[in-house]
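A short worksheet on the structure shown next.
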Amino acid sequence: TPLDSVVSYSNYEASRAMTLHLARMNYKHIAFVSLVRRENDRARERLRGYLAALNELGRKPDDALVLERPPGFSAGSETVVHLVETMPQVDAIFFAGDVLAVGAALECQRRGWPVPGRIAIASFDDLDMLRHINPPLTTIRLPRYEIGKRSAECLLDFIAGRVTDRVTLDLKFEIIQRESA
């Protein structure tokens with residue numbers, strides 16, 4: 004039925020692209036931090052993309068570099084401290100969510116850890132605040148406005164009878180390179 008239409012982007016491809024982007028910038032030990040994946044398809048797809056990128060790069064995944072955290076600034080703060088203090092080889096952290104990444108960046112600032120000098124930070128979503136913290140965070144920008152607009156158009160087309168088949172639109176994403184990586 005047309006009600007199962009999808010207007011979105013690929014979490015898998017976005018995560019894969021960011022991991023490959025960080026590797027191209029010469030980061031060798033990239034950690035991945037997401038929200039709890041058990042009942043979160045987006046988080047699972049983002050992990051899948053990260054692992055696919057490592058595979059393409061010929062790098063073996065390290066379970067100690069793949070973490071799940073609850074939402075919130077404090078979880079990002081605690082995560083960056085844990086990784087920097089227990090795994091000094093980690094040179095970049097890809098947070099699959101902006102709030103976690105902001106918490107990490109603020110903690111690095113508080114401790115005097117240079118970003119990206121000591122640890123690079125990358126994120127997923129491009130919330131407005133990412134441009135305003137120091138340093139501004141590298142992230143994946145999602146086409147949220149366009150998703151809403153195109154979803155509404157598809158629904159109106161369905162209601163008006165102009166469309167009867169399932170619609171699948173992939174609106175892509177964009178890597179926004181800023182000073183944090």
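First residue of the sequence shown: 4, per our numbering; consecutive thereafter. Backbone N, C-alpha and C fix where the C-beta goes; we use that ideal spot for every residue, glycine too.
CB of G106 within 9 Å of CB of F127, strictly: No.
Pick from A78, N29 and R27 that is closest to E110, judged by C-alpha positions: A78
Limits of the alpha helix (DSSP H) - the one that T22 falls within: N14 to R27
Stretch pair the segment 42–52 + the segment 12–30: three plus CB contacts closer than 8 Å: yes
Sufficient close CB pairs (3 or more, under 8 Å) joining the segment 123–140 to the segment 87–105: yes
Cβ-based neighbour list, A17, same chain, cut-off 6 Å, excluding 5 preceding and 5 following: Within the same chain, A17 has close Cβ partners I143 and F176.
Which of helix, strand or coil DSSP assigns to L145: coil
Delimiting residues of the alpha helix (DSSP H) encompassing R51: D44 to L60
Cβ separation of L68 and H32, assumed to be a contact under 8 Å, to the nearest whole Å: 7 Å
Closest by C-alpha distance to Y30, when choosing among V83, S37, W116 and G120: Ranking the options by Cα distance to Y30, first place goes to G120.
Host beta strand (DSSP E) of L38 (start-end): I33 to L38
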